[in-house]
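Read in the numbering used here, the sequence shown has 547 at position 545, and its numbers run on one by one without any break. Note that the Cβ used here is the ideal one computed from N, Cα and C, for glycine as well. What follows is a short report on a single structure.
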Amino acid sequence: MPRRTSRTLLDRLTTPGRLSGFLKSASVCVLVAGLLSPLAQTTATAAASNDYCGGQCSDILPPGENGNATLAQILLNQSFGTQPDHAEDQLGPYANLAKGYPTLTNSTINTFFNDASFGVASDQVASTLNPAGRSDVTIVRDKKTGVPHITGTTRYGTEFGAGYAAAQDRLWLMDVFRHVGRGQLTAFAGGDPANQGLEQQFWRNAPYTEAELQAQIDNAVANAGTRGQTALADANAYIAGINAYIDASDSARNFPGEYVLTGHKDSVTNAGTIDHFKITDLVALASVIGALFGSGGGGEVNNALSLLAAQQRYGVTKGTEVWESFRERNDPEAVLTVHNGERFPYATKPATPQGEALPDAGSVTTEPLVYDPTGTGADQSASEASATATANALSSARRGMSNALVVSGKYTAGGHPVAVFGPQTGYFAPQLLMLQEIQGPGISARGASFAGLSMYVELGRGQDYAWSATTSGQDIIDSYAVELCQDDYHYLYHGTCTAMEKIEQKNSWAPTTADGTAAGSYTMRVWKTKYGPVEYRATVGGKKVAYTTLRSSYMHEADSIIGFQMLNDPDYVKSPQTFQSAVQHINYTFNWFYADSAHTAYYNSGDNPVRASGVDAEFPVWAQAAYDWRNWNPTTNTADYTAASAHPNSIDQDYYISWNNKQALDYSTASWGDGSVHRGNLLEDRVKKLVAAGGVTRASLVKAMADASLTDLRAEDVLPDLLKVVNSSTVTDSTAAAAVSKLQAWVTAGGKRTETSAGSKTYADADAIRILDAWWPLLVQAEFSPGLGSDLYTAFTRNLAIDESPSAAHGPTGAHAGSSFQFGWWSYVDKDIRAVLGETVQGPLANKYCGGGSLSACRDTLISTLKTASGKTAAQVYPGDDLCSAGDQWCADSIVQRTLGGIKHYNISWQNRPTFQQVVEFTSHR
Numbered sequence: 003m004p005r006r007t008s009r010t011l012l013d014r015l016t017t018p019g020r021l022s023g024f025l026k027s028a029s030v031c032v033l034v035a036g037l038l039s040p041l042a043q044t045t046a047t048a049a050a051s052n053d054y055c056g057g058q059c060s061d062i063l064p065p066g067e068n069g070n071a072t073l074a075q076i077l078l079n080q081s082f083g084t085q086p087d088h089a090e091d092q093l094g095p096y097a098n099l100a101k102g103y104p105t106l107t108n109s110t111i112n113t114f115f116n117d118a119s120f121g122v123a124s125d126q127v128a129s130t131l132n133p134a135g136r137s138d139v140t141i142v143r144d145k146k147t148g149v150p151h152i153t154g155t156t157r158y159g160t161e162f163g164a165g166y167a168a169a170q171d172r173l174w175l176m177d178v179f180r181h182v183g184r185g186q187l188t189a190f191a192g193g194d195p196a197n198q199g200l201e202q203q204f205w206r207n208a209p210y211t212e213a214e215l216q217a218q219i220d221n222a223v224a225n226a227g228t229r230g231q232t233a234l235a236d237a238n239a240y241i242a243g244i245n246a247y248i249d250a251s252d253s254a255r256n257f258p259g260e261y262v263l264t265g266h267k268d269s270v271t272n273a274g275t276i277d278h279f280k281i282t283d284l285v286a287l288a289s290v291i292g293a294l295f296g297s298g299g300g301g302e303v304n305n306a307l308s309l310l311a312a313q314q315r316y317g318v319t320k321g322t323e324v325w326e327s328f329r330e331r332n333d334p335e336a337v338l339t340v341h342n343g344e345r346f347p348y349a350t351k352p353a354t355p356q357g358e359a360l361p362d363a364g365s366v367t368t369e370p371l372v373y374d375p376t377g378t379g380a381d382q383s384a385s386e387a388s389a390t391a392t393a394n395a396l397s398s399a400r401r402g403m404s405n406a407l408v409v410s411g412k413y414t415a416g417g418h419p420v421a422v423f424g425p426q427t428g429y430f431a432p433q434l435l436m437l438q439e440i441q442g443p444g445i446s447a448r449g450a451s452f453a454g455l456s457m458y459v460e461l462g463r464g465q466d467y468a469w470s471a472t473t474s475g476q477d478i479i480d481s482y483a484v485e486l487c488q489d490d491y492h493y494l495y496h497g498t499c500t501a502m503e504k505i506e507q508k509n510s511w512a513p514t515t516a517d518g519t520a521a522g523s524y525t526m527r528v529w530k531t532k533y534g535p536v537e538y539r540a541t542v543g544g545k546k547v548a549y550t551t552l553r554s555s556y557m558h559e560a561d562s563i564i565g566f567q568m569l570n571d572p573d574y575v576k577s578p579q580t581f582q583s584a585v586q587h588i589n590y591t592f593n594w595f596y597a598d599s600a601h602t603a604y605y606n607s608g609d610n611p612v613r614a615s616g617v618d619a620e621f622p623v624w625a626q627a628a629y630d631w632r633n634w635n636p637t638t639n640t641a642d643y644t645a646a647s648a649h650p651n652s653i654d655q656d657y658y659i660s661w662n663n664k665q666a667l668d669y670s671t672a673s674w675g676d677g678s679v680h681r682g683n684l685l686e687d688r689v690k691k692l693v694a695a696g697g698v699t700r701a702s703l704v705k706a707m708a709d710a711s712l713t714d715l716r717a718e719d720v721l722p723d724l725l726k727v728v729n730s731s732t733v734t735d736s737t738a739a740a741a742v743s744k745l746q747a748w749v750t751a752g753g754k755r756t757e758t759s760a761g762s763k764t765y766a767d768a769d770a771i772r773i774l775d776a777w778w779p780l781l782v783q784a785e786f787s788p789g790l791g792s793d794l795y796t797a798f799t800r801n802l803a804i805d806e807s808p809s810a811a812h813g814p815t816g817a818h819a820g821s822s823f824q825f826g827w828w829s830y831v832d833k834d835i836r837a838v839l840g841e842t843v844q845g846p847l848a849n850k851y852c853g854g855g856s857l858s859a860c861r862d863t864l865i866s867t868l869k870t871a872s873g874k875t876a877a878q879v880y881p882g883d884d885l886c887s888a889g890d891q892w893c894a895d896s897i898v899q900r901t902l903g904g905i906k907h908y909n910i911s912w913q914n915r916p917t918f919q920q921v922v923e924f925t926s927h928r
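This is the structure:
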């Protein structure tokens with residue numbers, strides 16, 4: 003069947019034909035003429051603040067800073083492809099690096115990036131605004147990118163300006179995601195199945211009541227002293243700025259046109275309202291971002307199911323050994339961020355596990371989420387919706403991406419540290435992140451922030467330092483088996499039969515211009531216990547239980563604001579040590595990186611709970627006091643957390659790399675696949691080589707990143723050994739021999755997925771790429787399924803998908819998502835093939851699988867599947883979707899800025915790199 007790209011929110015608007023039939027080109031022009039009413043803007047000079055980067059800080063965030071569009075602009079875009087100012091001007095430079103990096107020099111970096119210096123030169127000022135007429139804040143926008151440079155003389159005014167600028171650039175997106183966080187997206191934006199799926203995924207993860215949202219704010223403020231009070235004042239000023247823009251745009255009738263297209267405003271009478279923001283909306287927004295990018299763990303029930311399948315196949319002892327070898331929780335061949343040999347034990351396997359509550363075979367069922375569906379709400383069955391939402395909400399996989407390359411000044415040409423880093427947050431239109439510069443009392447920073455949470459820069463640079471993050475994924479989510487009593491909605495809490503709390507969200511929708519989905523409704527229902535929401539039902543030893551999920555950041559979505567506040571404070575962050583202190587206040591699971599003119603640093607953040615002795619974090623445990631987190635308080639969901647020194651951390655290591663790989667020795671991450679082959683190796687190999695040679699520059703580090711971003715991990719790190727097996731004897735079959743020749747030539751050329759020339763939309767080595775894309779799933783199944791048996795093989799694929807190629811429909815945004823090769827079976831294939839070849843393997847799999855361990859039989863398996871793969875046409879390998887015709891290999895890989903509003907953009911050639919990215923080298927320090 004043809005793949006379909008994930009369609010979310012206003013994806014329906016990406017085809018003009020989706021608009022009402024009367025909106026033909028001529029009538030669009032007439033309508034637009036009546037709707038265009040640009041605001042007058044003046045030009046002024048903006049003064050730069052203290053900047054110690056010496057013009058050597060750069061950044062980029064496609065597609066563009068402007069994420070708002072009036073109705074007129076949307077209609078013009080849909081009919082003629084025209085773009086609002088600054089909606090797309092960073093997309094081209096970002097895309098062009100894919101073919102431009104080989105000749106990159108320091109002097110040409112800003113051909114592909116923005117100058118991220120503080121301030122705006124007087125001849126580059128496009129506009130100056132005092133929002134709401136305030137005299138204590140000015141928003142200056144530059145001509146090149148339209149980024150807001152916010153300068154305040156009071157802290158309130160500064161944050162008011164930040165809120166106003168955020169609404170100018172992302173109001174519609176902010177509104178969308180506050181409704182996602184509250185589980186109210188379908189009622190707000192329409193009942194399209196993708197909208198249903200999105201709200202189900204996030205609401206199941208954080209089904210907060212309004213009182214709980216407010217309580218999180220109150221607790222965060224109360225526990226943070228003066229900084230907490232400052233954060234509250236900042237947030238209130240920020241919200242006041244957002245609401246001032248809502249009022250101004252409503253009065254001027256230049257608010258985002260999506261409000262008209264979704265039925266919230268009338269384009270003729272201006273009837274209807276855009277609801278003001280309130281402070282609890284920020285917590286709802288934070289819960290979405292935290293769930294996407296900063297919540298490692300979960301999956302314990304699926305782990306238990308695959309363990310039971312392994313034990314059923316091999317017996318308890320051997321089955322456990324097999325399971326552990328595939329889990330790779332502390333693989334000695336894994337690439338590490340802290341590579342100096344230091345150990346940071348966390349969530350390691352206990353010698354004698356205690357309290358495990360493994361389900362009885364065949365007893366696990368998913369807790370229903372959707373009830374009483376009507377109309378189009380009933381299109382997907384309640385059980386299907388519940389299963390999908392559970393899998394998305396609980397799986398630690400695909401929770402975020404990102405990479406970092408940081409080199410100590412000892413190994414650079416300039417003698418100062420060089421960093422190239424940024425988050426992979428997917429590709430959206432408008433982008434989830436927004437660029438800004440904020441200068442005011444106690445705040446001095448430029449960089450990216452999530453829309454609606456931009457009272458501080460979250461990833462960026464200060465006066466003489468820069469910082470960034472990657473998703474770390476250590477386990478802060480545990481599953482508990484609560485024993486039921488009385489009925490299915492009561493459970494034993496420390497020996498007392500206790501009622502579960504029922505939380506409901508009822509949504510209904512009707513068709514609009516933007517979303518023609520027919521009317522429908524449903525109720526989402528979650529049953530909550532003191533141990534978190536119920537996710538599954540089962541029996542354990544014949545006893546009826548509910549499996550719940552407890553996350554250490556649950557009910558603490560607002561706590562991290564203090565860490566971000568510190569990062570923006572030039573009087574706080576003055577050294578790598580104070581940087582580490584700041585990010586210790588962030589409870590989401592991230593790897594944080596730092597560079598100034600003399601030092602580099604790394605710290606892994608997150609509230610890592612101290613588990614009871616003997617508890618194995620991989621599996622569900624009984625909900626009993628003996629197995630609770632140490633000093634856990636269910637009312638506040640607080641506990642003892644591991645000390646800061648126990649988190650992987652480092653200062654001035656020779657270099658750091660991170661691409662969501664293992665942090666350090668003995669530090670177990672929740673996701674599977676941290677083994678001998680990981681996409682982190684693509685960075686490690688290149689940066690290690692640069693450091694060994696010395697004289698690293700900003701350009702050479704960008705080139706290392708860009709080169710890795712175009713490389714097929716399988717081709718670089720696994721295919722050579724596969725070909726070694728195939729070529730262990732002469733290949734006599736002509737079809738196989740031709741395929742081997744093409745694959746070998748591709749490996750020799752670097753194993754890249756890159757165009758023949760810029761804009762050709764045709765890959766060099768296209769046949770070899772097609773063959774490997776077709777071969778990989780065939781060879782993995784043929785290699786492992788016979789030995790594991792179909793049941794265990796299937797169970798393991800539920801723990802870890804076998805592939806994540808660019809053209810696969812994977813990740814939180816489906817196909818065309820850019821990020822690739824994070825999750826897959828490449829480490830298993832690598833270890834198994836090397837074992838069959840008789841090579842040394844540290845941390846081998848428990849058995850040899852390819853050909854049952856026989857080199858000749860393995861070779862036969864590989865050649866047989868290779869011949870089958872070689873015979874598959876491009877149309878079979880790349881079956882086409884809403885964007886691409888069948889067989890269009892380049893298009894299948896290409897990156898799409900997935901529409902979250904009414905403006906669409908062109909797709910670009912595949913790159914596996916951060917969405918927002920910085921290149922920095924500070925030349926001096928305060």
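8 angstroms contact criterion, which residue i and residue j should meet: CB distance rounded
| i | j | result |
| --- | --- | --- |
| Ala776 | Val879 | 5 angstroms |
Straight-line Cα distance separating residue j from residue i
| i | j | result |
| --- | --- | --- |
| Asp884 | Asp890 | 12 angstroms |
| Ser388 | Gly243 | Because Ser388 carries a pLDDT of 48, less than 50, the predicted location of this residue cannot be relied on, and no value is offered for it. |
| Tyr495 | Val484 | 8 angstroms |
| Gln919 | Pro443 | 27 angstroms |
| Cys893 | Lys763 | 7 angstroms |
| Arg688 | Ser702 | 10 angstroms |
| Ser555 | Ser297 | 8 angstroms |
| Asp834 | Ile659 | 26 angstroms |
| Glu460 | Val575 | 14 angstroms |
| Thr799 | Phe328 | 11 angstroms |
| Arg315 | Tyr482 | 26 angstroms |
Reduced DSSP category for residue i - H, G, I as helix; E, B as strand; rest coil
| i | result |
| --- | --- |
| Thr271 | coil |
| Pro611 | strand |
| Gln586 | coil |
| Gly543 | coil |
| Leu234 | helix |
| Ala641 | coil |
| His151 | strand |
| Leu396 | Summary for Leu396: the model assigns pLDDT 38, below 50, so the residue's position carries little reliability, and this model does not support an answer. |
| Leu667 | strand |
| Asn245 | helix |
| Gln507 | strand |
| Asn112 | helix |
| Arg800 | helix |
| Cys852 | helix |
Same chain, Cβ closer than 8 angstroms to residue i, neighbours up to 5 away in sequence not counted
| i | result |
| --- | --- |
| Thr756 | Ala100, Lys101, Leu712, Tyr765, Ala766, Ser911 |
| Ile865 | Val728, Val733, Asp735, Ala738 |
| Pro779 | Ile804, Asp805 |
| Gln665 | Leu338, Thr339, Val340, Phe346, Ser474, Gln476, Asn593, Asn606, Pro650, Thr671 |
| Ala501 | Tyr491, His492 |
Residues near residue i in its chain [Cβ-Cβ closer than 7 angstroms; skip 5 each side]
| i | result |
| --- | --- |
| Ala167 | Ile141, Pro150, Ile152, Gln438 |
Same chain only: Cβ atoms within 6 angstroms of residue i, ignoring 5 sequence neighbours per side
| i | result |
| --- | --- |
| Met176 | Ala453, Gly454 |
(request) Scan the segment 855-907 and note each continuous alpha helix (DSSP H) run of 4 residues or more that stays entirely inside, going in chain order. (result) The segment 855-907 contains these whole alpha helix (DSSP H) runs: 857-872, 876-879, 891-895.
(request) Pick out the complete beta strand (DSSP E) segments inside the segment 663-718, 3 residues or longer, and give them in chain order. (result) Listed in chain order, they are 667-669.
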